[in-house]
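Protein chains in written order, with the numbering used here: chain A, 1 to 336; chain B, 1001 to 1336. Positions of the beta carbon are idealized from the N, C-alpha and C atoms, including for glycine. Worksheet: the structure to be examined is printed underneath.
Number of protein chains: 2
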Amino acid sequence: MLIQYKQYYLHQRPKGPTTDSDVKVRTVEVYSLAEGQLLIKNEYFSLDPAIRGWMDDVPSYMPPIVLGDVIRSSTVGTVVDSKHPDFSAGDMVYGLNGWEEYSLSDGYFLTKVPQDNQFPLHYYLSVFGAVGLTAYFGIHDTAELKAGDTLLMSAAAGAVGSLGGQLAKNMGCHVVGMAGTDDKCQWLMDDLGFDAVINYKTESGNLSAAIAAACPDGVDVYFDNVGGEILDAALLNINSNARIVFCGSISTYNASEPVPGPYNWWQVLAKSAVVKGFLVSNYFEQFETGAGALAQLLTEDKIQFKYEIVDGFDNTLTAFHKLFDGSNTGKLMLKV
Amino acid sequence: MLIQYKQYYLHQRPKGPTTDSDVKVRTVEVYSLAEGQLLIKNEYFSLDPAIRGWMDDVPSYMPPIVLGDVIRSSTVGTVVDSKHPDFSAGDMVYGLNGWEEYSLSDGYFLTKVPQDNQFPLHYYLSVFGAVGLTAYFGIHDTAELKAGDTLLMSAAAGAVGSLGGQLAKNMGCHVVGMAGTDDKCQWLMDDLGFDAVINYKTESGNLSAAIAAACPDGVDVYFDNVGGEILDAALLNINSNARIVFCGSISTYNASEPVPGPYNWWQVLAKSAVVKGFLVSNYFEQFETGAGALAQLLTEDKIQFKYEIVDGFDNTLTAFHKLFDGSNTGKLMLKV
């Protein structure tokens, strides 16, 4: 036997938040590598809201995780053995693998960390990974932002939101962030230079008026990571020809019943707005350009980036819940 | 006194379908024209689903009709008296006036029928009016259609839908129409050359499968006039990068409770689709071009156009209900 390792797999589809009856741990044994395979020792894996969506049996941009399969997730780690022509033991690699100590891979969607890398390895799961690239292409392309526009960012203290807001500030936009604690709001104002912030918890029930006050010229772009009540309030404040970047809908991922679209759906027509479903994978061919630009901005100290690393394979599910109760700030990862 | 005439006015906001307790008739007296005013004897006025929306007190692309005001509507008629420099008695004019025998106007949004007009006067409320231009710019611009694309048209036997479908056929698209009776479906196939049709009433509960069968290559553009169940079924069948032209939502206009957006809202993200709120008024500067193109297509017999004219001012509300119970085919107008 080559190796034994632990992995989280989908035992049953969650109804509501994920429990340890839904996602269980098992030990996997690998006896030998086939031609074209390689074995990665994962250093970190990613905890993302999207993973909760993949646990449901609904059509989406990726197939649902099959019952019995490992929980799909980005990882970064070291190749420990390889029968794949493009990878050798010792290479640092990142890509779509799973919540597991080791990953058996055929190289598909796997990328090498550059040899001259100066950044912590886990940056390849965050600012240079899907999260950073989502913010980058969402703001720089999909949103069709120009200097002077007002950007309203939901989940603004989150990984995508905090980066996206800073990128828009760098472009000369009026940037308003929504977050769920005063501490997060303070961070957005004091450290990231947002123009205004809204605590959507204390302003609940009054969201539309709060947005109106923070966006005196209306909302040109609403960057939606959350859906639900905040999306509805945003729609009441959009300008004519506004863009809504539909990037996520975290408020609905744990729902056990079908959740309808926004009640203020009519405003999309009334304002001749555009809702753009946004998948970072559509920008795959420009990933290197995007990551390069982000590295440059980091080096020049023009963007800041928060992350939280939870230590210990066994803490994965507890850490995963932090994404949905608002208790994390920035990109959440697990150190294996 | 110059004139006495009857008009429909908004007495109270309807809850559900419009009744004669909501919209009442009164007699108006005009004593004299002020400088800049003119008086139009209306020959026809327009009955449109959008008018029901204007009766609600919700923010939209036009302000709600104020309680006590005439019901807003397009009309076409003859100038009978004028103190406006641009209009003279005898001119034929069309524009946004109201459900009334005569209209007092200041010329705002009023256009003259061309002197060399060869078409029936009521064409200026239909194929050369908002309906025809909506189909024209919706299909030729907003939808971003190209030859070979599949277009799914809701309310396809309606005024906008039937024209829009023919325009897309002329462009070389695979055009699938949804309508509510077999007669309408037959008309779309036999007379208008649609590639496939779906009777959404007999297929209710099975809509998504019916769309899948009629659109073997998926849906590239869904032209939404109806919202509700049909929109939800369409969203389950869109291709990646599909466009949804959001032109109307007639299934929800008579609702007395807030109606949510589509339950399959997530598919917009999953397919990186674009929802485009569509207002024909955004194309105002190209109206003449559009009407000219439509006149040319009519002359060359490349489009057909159905309309229904109900005779008699007193029949307005009865006629208006036909829009919502599916009993009209084509553009509905009232002959005063």
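By the criterion of a C-beta distance shorter than 8 Å, Gly-1090 of chain B is surrounded in its chain by Thr-1078, Val-1079, once the five residues flanking it on both sides are discounted.
If you draw a 10 Å sphere on the C-beta of Gly-148 of chain A, you find fewer than 16 other C-beta atoms in it, and that means exposed.
Counting only unbroken stretches of 3 or more residues, the beta strand (DSSP E) elements lying wholly within the stretch 78-165 of chain A are 92-98, 102-105, 110-112, 150-153, in sequence order.
Taking all protein chains in view, the Cβ of Met-55 of chain A is crowded by 16 or more other Cβ atoms within 10 Å, so the residue is classified as buried. Taking 8 Å as the threshold, the shortest C-beta distance from Val-268 of chain A to chain B falls below it. Here Tyr-1108 of chain B is exposed, its C-beta having fewer than 16 other C-beta atoms within 10 Å.
At a beta-carbon threshold of 8 Å, none of the residues of chain A lie near Asn-1237 of chain B; the nearest stands roughly 10 Å away. Rounded to whole angstroms, the Cβ separation of Gly-277 of chain A and Lys-1271 of chain B is 6 Å, and the two are in contact under 8 Å. It is roughly 36 Å from the alpha-carbon of Leu-1039 of chain B to the alpha-carbon of Val-268 of chain A.
Looking at the DSSP output, Ala-1196 of chain B sits in a beta bridge with B:Val-1176. Lys-1184 of chain B carries a helical assignment under DSSP once its states are collapsed to helix, strand and coil. Separation of Gly-53 of chain A and Tyr-253 of chain A (C-alpha to C-alpha, rounded to the nearest whole angstrom) is 6 Å. Pairing Leu-1334 of chain B with Pro-1014 of chain B, the inter-Cα distance amounts to about 21 Å. When 8 Å is used as the limit between beta carbons, Pro-59 of chain A is near these residues of chain B: Leu-1236, Gln-1267, Ala-1270, in chain order. Here Thr-1150 of chain B is buried. Its C-beta has 16 or more other C-beta atoms within 10 Å. Contact annotation, Ser-126 of chain A with Phe-305 of chain A: C-beta distance approximately 7 Å; criterion of less than 8 Å satisfied. For Val-221 of chain A, the closest C-alpha among the options A:Leu-236, A:Asp-301, A:Glu-285 is that of A:Leu-236. When secondary structure is reduced to three states using DSSP, Ser-1240 of chain B falls in the strand class. Less than 8 Å divides the Cβ of Val-76 of chain A from the Cβ of Tyr-44 of chain A. For Arg-1026 of chain B, the enclosing beta strand (DSSP E) has its first and last residue at 1023-1030. Tyr-1263 of chain B reaches chain A at Pro-258, Val-259, Pro-260, Gly-261, counting residues in chain order whose Cβ is nearer than 8 Å. For the 8 Å CB-CB criterion, Ala-168 of chain A and Ile-139 of chain A form a contact. DSSP, read as helix, strand or coil, puts Tyr-1263 of chain B in coil. When 8 Å is used as the limit between beta carbons, Ala-168 of chain A is near no residue of chain B, the shortest such separation being about 20 Å.
When secondary structure is reduced to three states using DSSP, Arg-1052 of chain B falls in the helix class. Where Phe-223 of chain A is concerned, the enclosing beta strand (DSSP E) starts and stops at 219-224. Excluding five sequence positions before and after Asn-225 of chain A, the CB atoms of its chain that fall closer than 7 Å to its own CB belong to Ser-154, Ala-155, Gly-158, Val-160, Gly-161, Cys-247, Gly-248, Ile-250, given in chain order. Pairing His-122 of chain A with Gly-1180 of chain B, the inter-Cα distance amounts to about 56 Å.
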